[in-house]
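First the structure, in the form of structure tokens, and then the observations on it.
2 protein chains.
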Amino acid sequence: MTDSGDLAAWIELSLVSGLGGQRFRSLLSTFGLPTNVLKATRSQLCRVVPEAIAAGILERNSASEVQKALQWAARPEHKVLTLADNEYPKQLLEIPDPPALLYVAGNAKVLSCPALAVVGSRNATPQGLNNAQSFARVFSQAGLVIVSGLAIGVDSAAHRGGLEGRGSTIAVLGTGVDIVYPRRNELLAQEILSRGALVSEFPLGTPPSAGNFPRRNRLISGLARGCLVVEAALDSGSLITARLAAEQGREVFAIPGSIHSPISRGCHALIKQGAKLVESAQDVLEELGMAAAPETRSAEPSAGHDLLDKMGFDPCDIDGLIARSGLTAEIVSAILLQLELEGNVASLPGGLYQRVR
Amino acid sequence: MTDSGDLAAWIELSLVSGLGGQRFRSLLSTFGLPTNVLKATRSQLCRVVPEAIAAGILERNSASEVQKALQWAARPEHKVLTLADNEYPKQLLEIPDPPALLYVAGNAKVLSCPALAVVGSRNATPQGLNNAQSFARVFSQAGLVIVSGLAIGVDSAAHRGGLEGRGSTIAVLGTGVDIVYPRRNELLAQEILSRGALVSEFPLGTPPSAGNFPRRNRLISGLARGCLVVEAALDSGSLITARLAAEQGREVFAIPGSIHSPISRGCHALIKQGAKLVESAQDVLEELGMAAAPETRSAEPSAGHDLLDKMGFDPCDIDGLIARSGLTAEIVSAILLQLELEGNVASLPGGLYQRVR
């Protein structure tokens, strides 16, 4: 654990504008700990960083911000981990650009667990969301921590699945760790806080800014042993995460879909480039050398099973199901609801239902 | 061209029961042409083949069958090609087990054209059938001959697509070339005869027999530069064709689909084993070093375009489309019909429509 005097120096140095991760690490390797960097003279600093950055370090004026961050970090559920910390996640030390500081809210221990990134589109299909959540649940059940980006769509479904298993989930934010974005994920963020962790490299209070999200993606992949892309269009940010994962030597996995679905194109592009096509969570676990744990959910009633068999995988309406099953409308509706709650069936627009697994 | 005396000997030898392709070729390499084999003594034959086979050759009793085959071959639209023929397809000479004889009905010239195998399930989805036909049409338009097996489902759709372009199509049969199986493809077989070719290595009159179809598959892949699997379950015969294609050094291509569709599992298994995932005919043509020719079909009416945009890729019903488009029921129905005829939309059970490209 970094002591509080040292931590203040780490935070103070990290707040110097324009000082990127690489220069931060150059300064550390020249001067040692941040306290020494902050004591260095202009001519000493200028041997390592450009003059403007040296000026930024010497003329720093962030005392109150540092104070706030220290107060934040003093709460039991909060931590600021530095590169020098034992708790700093080892797997991030392997990536080309590990952040100097990590703000962590929640259970920092999950940062050291074996983890898998599960990412994808904000505009996923019902089936894509279902895949994200059910795959993540199986991964979590097998002991993996699910890393994602707290976006709506696949990210949120992945976090939820992670919370449903015995593992946990980590949301890596592109904002300050004290800012939940998008706001509609406030409740999900609370759940993640209670069992997993929210993580950010950005200073407290950093608002959403488009440029920060792609940069954040290297931590999603970096914290994980592999990266699964569930559904993604060709211009999806998930493809950035997948590329970074590959560059970091992580396995990349992608779920295929219809060639006519624009939201499967990104996954197909990844598979063409060498990502592993996966059809089940088991495929991923096997590739990672892990076995799947048995699902803990209760067995499906046999009436549901029968109706599922009769549904096939094409979309169908209730009338068709009544005709095929010989059951009454009330019973079919009740079974469909149950199947939907169990995640076996998705309801589509226009009163249609589709078997999804 | 094999002269008719020689041809009679080729046919006579090929009708010897139990004489497989490998022994046939061993006899040829020892004795030269089949006429010499038929003149050889028991002791000469027994140096090359087991005694039972030698006996079969010496005690052959197929004169009337040979006569019938020669009569068949004498018709202008028929040919029996032997390994010694100039017209025997060169690409079959590259495979481990080329048939000694090929019975060809139709235009034998197409056997020497660059070709692509397009195969898949007999139980394909409407979308799978549409993919097979439209991919095959683009391949044909680019000058490729489509090779398939005349089965119902994907095979039939592939042949049809092949006939729609400027290329052509070859059906490789597991029966005698004079037997159309399944019978319901009689009309399709007639169309193939008029522009392409029916091919079989089996003697005339050979009825359908389960054991002959897997064996036939090596010719489907062998005649082609690559093999595209459109939709296939894990136990599909198409996977045999794909495996043979790979063993013959042909490119294997597969179209992905939903991980929840059993009929995509075979394609996914192939991709996991190294087949190229393809999303478009263009993907295949590029891999083969060919460019796609422009489609010759007429431009779609813009009303159709607009409705397609409004459909998205989810199944929908007419009422939903009326609401989304603001058009009358009559106009929506007319456009849907047009779109379906153009292959842009498939009709699903229950009065639903789905955009398929």
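Protein chains in written order, with this note's numbering: chain S, 29 to 385; chain U, 29 to 385.
From the three backbone atoms N, C-alpha and C, an ideal C-beta is built for every residue, glycine too.
*Leaving out five residues before and five after residue 162(S) in sequence, what residues of the same chain have Cβ atoms less than 8 Å from its Cβ?*
One-based indexing of the first sequence puts residue 162(S) at position 134. Same-chain partners within the cutoff: 189, 309, 371, 385.
_Whole angstroms are fine: how far does the CA of residue 337(U) sit from the CA of residue 380(U)?_
Within the second sequence, the letter at position 352 stands for residue 380(U). Within the second sequence, the letter at position 309 stands for residue 337(U). One C-alpha to the other measures close to 16 Å.
*asked:* Please report the distance separating the alpha-carbon of residue 186(U) from that of residue 159(U).
replied: Translated into positions along the second sequence, residue 186(U) becomes position 158. Translated into positions along the second sequence, residue 159(U) becomes position 131. Roughly 9 Å separates the two Cα atoms.
*Give the DSSP bridge partners of residue 131(S), in chain order.*
For the purposes of this step, residue 131(S) is taken as residue 103 along the first sequence, with counting starting at 1. When beta bridges are read from the DSSP output, residue 131(S) appears opposite 108(S), 228(S).
_Three or more C-beta pairs under 8 Å: does that hold for the segment 216-232 of chain U against the segment 131-150 of chain U?_
yes
_Coarse secondary structure for residue 40(U), derived from DSSP in three states_ = Taking the second sequence and counting its residues from 1, one reaches residue 40(U) at position 12. Three-state DSSP puts residue 40(U) in a helix.
*Do residue 129(S) and residue 229(S) have their C-beta atoms within less than 9 Å of each other?*
Taking the first sequence and counting its residues from 1, one reaches residue 129(S) at position 101. Taking the first sequence and counting its residues from 1, one reaches residue 229(S) at position 201. Yes. Within cutoff.
*Within this structure, are the beta carbons of residue 274(S) and residue 119(S) separated by less than 9 Å?*
Here residue 274(S) refers to the residue found at position 246 of the first sequence. Here residue 119(S) refers to the residue found at position 91 of the first sequence. The answer is no: Cβ separation not under 9 Å.
*Would you list, in chain order, the members of the segment 285-297 of chain S that have their beta-carbon closer than 8 Å to a beta-carbon of chain U?*
285, 286, 287, 288, 289, 290, 292, 293, 296
*So, using beta-carbon positions, are residue 266(U) and residue 294(U) closer together than 9 Å?*
Sequence index remark: in the second sequence, residue 266(U) carries index 238 (1-based). Sequence index remark: in the second sequence, residue 294(U) carries index 266 (1-based). In this structure, residue 294(U) lies closer than 9 Å to residue 266(U) by Cβ.
*Can you list, in chain order, the residues of the segment 38-66 of chain S whose Cβ is nearer than 7 Å to any Cβ on chain U?*
none
*Option in 206(U), 93(U), 152(U) with minimal Cα separation from residue 260(U)*: Translated into the one-based positions of the second sequence, residue 260(U) becomes position 232. Ranked by Cα distance from residue 260(U), the options 206(U), 93(U), 152(U) are led by 152(U).
*CB-CB under 8 Å to residue 149(S), same chain, minus the five flanking residues each way: which ones, in chain order?*
On the first sequence, residue 149(S) is found 121 positions in, with the first residue counted as 1. Closer than 8 Å at the Cβ level, and outside the excluded window around residue 149(S), lie 156, 181, 182, 258, 259, 260, 261, 264, 266, 291, 294.
_Quick check on residue 117(U): buried or exposed, where buried means 16 or more other Cβ atoms within 10 Å of its Cβ?_
Residue 117(U) sits at position 89 when you count from the first residue of the second sequence. Flag for residue 117(U) reads buried.
*Are the C-beta of residue 308(S) and some C-beta of chain U separated by less than 9 Å?*
In the first sequence, the residue the question calls residue 308(S) occupies position 280. It does: the Cβ of residue 308(S) has a partner Cβ on chain U nearer than 9 Å.
*Have a look at residue 255(U) and residue 146(U) and give me their C-alpha separation to the nearest angstrom.*
Counting from 1 along the second sequence, the entry for residue 255(U) is found at position 227. Counting from 1 along the second sequence, the entry for residue 146(U) is found at position 118. Taking the straight line joining both Cα atoms gives about 6 Å.
*Do residue 203(S) and residue 138(S) have their C-beta atoms closer together than 9 Å?*
As a first step, residue 203(S) is located in the first sequence; it is residue number 175 there, counting from the start. As a first step, residue 138(S) is located in the first sequence; it is residue number 110 there, counting from the start. Not a contact, by the Cβ cut-off of 9 Å.
*Quickly, what does DSSP pair residue 141(U) with across the bridge? List them, please.*
Locating residue 141(U) in the second sequence gives position 113, counting from the first residue. Answer by DSSP bridge pairing: none, since residue 141(U) is not bridged.
*Per-residue contacts from residue 380(U) into chain S (C-beta, under 9 Å)*: Within the second sequence, residue 380(U) is the residue found at index 352, counting from 1. Within 9 Å of the CB of residue 380(U), the CB atoms of chain S belong to 342, 343, 344, 345, 378, 380, in sequence order along the chain.
*Any beta-carbon of chain U closer than 9 Å to the one on residue 316(S)?*
Here residue 316(S) refers to the residue found at position 288 when the first sequence is read from its first residue. Taking Cβ atoms only, chain U never reaches closer than 9 Å to residue 316(S), which makes this a no.
*How many angstroms separate the CA atom of residue 210(U) from the CA atom of residue 178(U)?*
Numbered from 1 along the second sequence, position 182 holds the residue referred to as residue 210(U). Numbered from 1 along the second sequence, position 150 holds the residue referred to as residue 178(U). Their Cα atoms are separated by approximately 8 Å.
*Would you check whether the ligand MN has a heavy atom nearer than 8 Å to the C-beta of residue 202(S)?*
Absent from the structure shown: the ligand MN. Ligands present: none.
*Got a sec, what are the start and stop residues for the beta strand (DSSP E) residue 198(U) sits in?*
If you number the second sequence from 1, residue 198(U) lands on position 170. Segment 196-200, the beta strand (DSSP E) holding residue 198(U).
_Can you look up residue 77(S) in the DSSP assignment and give me helix, strand or coil?_
By 1-based counting over the first sequence, the position of residue 77(S) is 49. Coil.
*Please report the Cβ distance between residue 38(S) and residue 62(S), rounded to the nearest whole angstrom; I am assuming they are in contact, meaning their Cβ atoms lie under 8 Å.*
In the first sequence, residue 38(S) corresponds to position 10, counting from 1. In the first sequence, residue 62(S) corresponds to position 34, counting from 1. Sure, about 5 Å apart at Cβ, within 8 Å.
*Give a yes or no on whether 9 Å exceeds the smallest Cβ distance from residue 305(U) to chain S.*
In the second sequence, residue 305(U) corresponds to position 277, counting from 1. Output row for residue 305(U): interface = yes.
*How big is the Cα-Cα spacing for residue 281(S) and residue 64(S)?*
Within the first sequence, numbered from 1, the residue matching residue 281(S) stands at position 253. Within the first sequence, numbered from 1, the residue matching residue 64(S) stands at position 36. Using only the alpha carbons, I get a separation of about 44 Å.
*Could you tell me which uninterrupted alpha helix (DSSP H) segments, each at least 4 residues in length, are contained entirely in the segment 266-312 of chain S, listed from first to last along the chain?*
293-300
*Quick one: what does DSSP say residue 94(U) is sitting in, helix, strand or coil?*
If you number the second sequence from 1, residue 94(U) lands on position 66. Of the three classes helix, strand and coil, the one that applies to residue 94(U) here is helix, per DSSP.
*Between which two residues does the alpha helix (DSSP H) containing residue 353(S) stretch?*
Along the first sequence, one-based indexing puts residue 353(S) at 325. Secondary structure note for residue 353(S): its alpha helix (DSSP H) is the uninterrupted segment 346-353.
*With DSSP as the reference, please indicate the residues paired to residue 374(U) in a beta bridge.*
Here residue 374(U) refers to the residue found at position 346 of the second sequence. 382(U), per the DSSP bridge assignment.
*Near residue 59(U), which residues of its chain fall below 7 Å by C-beta distance, leaving aside the five closest residues on each side in sequence?*
One-based indexing of the second sequence puts residue 59(U) at position 31. Same-chain partners within the cutoff: 65, 68.
_What ranges does the alpha helix (DSSP H) occupy inside the segment 160-192 of chain U, keeping only unbroken runs of at least 4 residues that lie completely in it?_
182-192
*Quick one: is residue 89(U) buried, meaning 16 or more other Cβ sit within 10 Å of its Cβ, or exposed?*
Position 61 of the second sequence holds residue 89(U). With fewer than 16 other Cβ atoms within 10 Å, it is exposed.
*Pull up the distance between the alpha-carbon of residue 270(U) and that of residue 279(U), whole angstroms please.*
Position 242 of the second sequence holds residue 270(U). Position 251 of the second sequence holds residue 279(U). In a straight line, the C-alpha of residue 270(U) is about 9 Å away from that of residue 279(U).
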